[in-house]
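K.L.:
First the structure, which I've put down as structure tokens, then a few questions once you've had a look.
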Amino acid sequence: MTIEQMRERKQELGYTYEQIADLSGVPLGTVQKVFGGVTASPRYDTLRALERVFQKKEPMYVKESALPYEAEARREKRQGEYTVEDYRALPEDQRMELIDGALYDMAAPTGIHQIVGGRIYTLLSNYILEQKGKCLPMYAPIDVQLDCDEKTIVQPDVLILCDVSKLSGNTIVGAPDFIVEILSPSTRKKDMFIKLEKYMTAGVREYWMVDVEKKKVLIYDFEHENYPILFGFDAEVPVGIFEGQCKVDFGEIYEYLRSFSLVD
């Protein structure tokens, strides 16, 4: 049975990755990488274990009776119970993030939000190109399955990924090396508290929070255990994952915004 055939059977049977891992004995992270296309050539014993799960004609997870099962299927989920499959089922025009099983609405970014994120991305991208670096700069929308589990997918504004094996289609499976979030009234609490903890524990090496309204940049350099560090919009902020050789000139970014009368 090919991986593609297994994917089709997964949809037919309605299995989650966690259920597949439980039934096959294959670690959850391995299951996700195999079905996400990250692992191109899985080991023979891994494929055989997965194949045995999908060769069954009926689901191996069966409720005691059909009625309770149907009732549970119709029950509206609560925050904390949503999964990656629920996230994938959302309408394409509905921007959400999934964090620890809770869905968070993502308001459309403002013009200033997009400009600042775009300028940061451009400066980082230019530096990596000049240095012929192997890291990939990226910007939203890109799904990040942060913990490699079924409970969290975030969409950072700007990120750098140095381990490209984590990239599968439009999803990064695992933690990027560097993340920037542009704060807004609707996302400030989530970015400053919820995402901060998630990024730190998931293995993100460096996290920037850019507050255009207060003209501040808050840096968490987790790799060097140097945080928090506060910069103003008059500073050239060094990028820790590049040992400070790359700097983002926020004075230049602010003057760019002023040239269009977007800020005072």
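For the sequence shown, the numbering used here assigns the number 13 to the initial residue and increments by one for each residue that follows. Built from N, CA and C at the ideal position, the CB exists for glycine as well.
1. What is the rounded straight-line gap between the Cα of Tyr211 and the Cα of Glu225?
2. Starting from Leu242, follow the beta strand (DSSP E) in both directions and report where the run begins and ends.
3. Looking only at C-alpha atoms, which of Val260, Val185, Asp159 and Asp155 sits nearest to Val166?
4. Please determine, among Gly263, Glu248 and Ile265, the residue with the shortest C-alpha to C-alpha distance to Phe257.
5. Can you tell me whether DSSP reads Leu79 as helix, strand or coil?
6. What does DSSP give as the partner residues of Met150 in its beta bridges?
7. Just to confirm, are Glu193 and Lys207 a CB contact at a threshold of 9 Å?
8. Could you check where the alpha helix (DSSP H) with Glu24 kicks off and where it finishes?
9. Is the beta carbon of Glu97 closer than 9 Å to that of Thr28?
10. How far does the alpha helix (DSSP H) with Ala61 in it extend, from its first residue to its last?
11. Helix or strand or just coil, what does DSSP make of Thr122?
12. Which two residues bound the contiguous alpha helix (DSSP H) that contains Leu269?
13. How many angstroms separate the CA atom of Pro153 from the CA atom of Asp169?
14. Just mark Val176 as buried or exposed, buried being the case when its beta carbon has 16 or more other beta carbons within 10 Å.
P.N.:
The structure says:
1. The residue given as residue 211 occupies position 199 in the sequence shown. The residue given as residue 225 occupies position 213 in the sequence shown. Each residue's Cα considered, the two are about 23 Å apart.
2. By one-based count along the sequence shown, residue 242 stands at place 230. Leu242 -> beta strand (DSSP E) spans Asn238 to Gly244.
3. The residue given as residue 166 occupies position 154 in the sequence shown. The shortest Cα separation from Val166 among Val260, Val185, Asp159 and Asp155 belongs to Asp155.
4. As a position in the sequence shown, residue 257 is number 245, starting the count at 1. According to the sequence as given, residue 257 is Gln; it is not Phe. Nearest option by C-alpha distance: Glu248.
5. Translated into positions along the sequence shown, residue 79 becomes position 67. Note that Leu79 scores 37 on pLDDT, short of 50, meaning its location in the model is unreliable and no value can be drawn from it.
6. Within the sequence shown, residue 150 is the residue found at index 138, counting from 1. According to DSSP, Met150 bridges with Leu171.
7. Here residue 193 corresponds to residue number 181 of the sequence shown, with the count starting at 1. Here residue 207 corresponds to residue number 195 of the sequence shown, with the count starting at 1. In contact: Glu193 and Lys207 (Cβ atoms closer than 9 Å).
8. As a working mapping, residue 24 is identified with position 12 in the sequence shown. Taken as a continuous stretch (DSSP letters only), the alpha helix (DSSP H) holding Glu24 covers Ile15 to Leu25.
9. Numbered from 1 along the sequence shown, position 16 holds the residue referred to as residue 28. Numbered from 1 along the sequence shown, position 85 holds the residue referred to as residue 97. Against a cut-off of 9 Å, the Cβ pair of Glu97 and Thr28 comes out as a contact.
10. Counting from 1 along the sequence shown, the entry for residue 61 is found at position 49. Ala61 -> alpha helix (DSSP H) spans Tyr56 to Phe66.
11. Here residue 122 refers to the residue found at position 110 of the sequence shown. Three-state result, Thr122: coil.
12. The count along the sequence shown starts at 1 and reaches residue 269 at position 257. Phe262 to Ser271 is the extent of the alpha helix (DSSP H) around Leu269.
13. Taking the first residue of the sequence shown as 1, we reach residue 153 at position 141. Taking the first residue of the sequence shown as 1, we reach residue 169 at position 157. Their backbone Cα atoms lie some 8 Å apart in a straight line.
14. Stepping through the sequence shown from its first residue, residue 176 is reached at position 164. It is exposed - the Cβ of Val176 has fewer than 16 other Cβ atoms within 10 Å.
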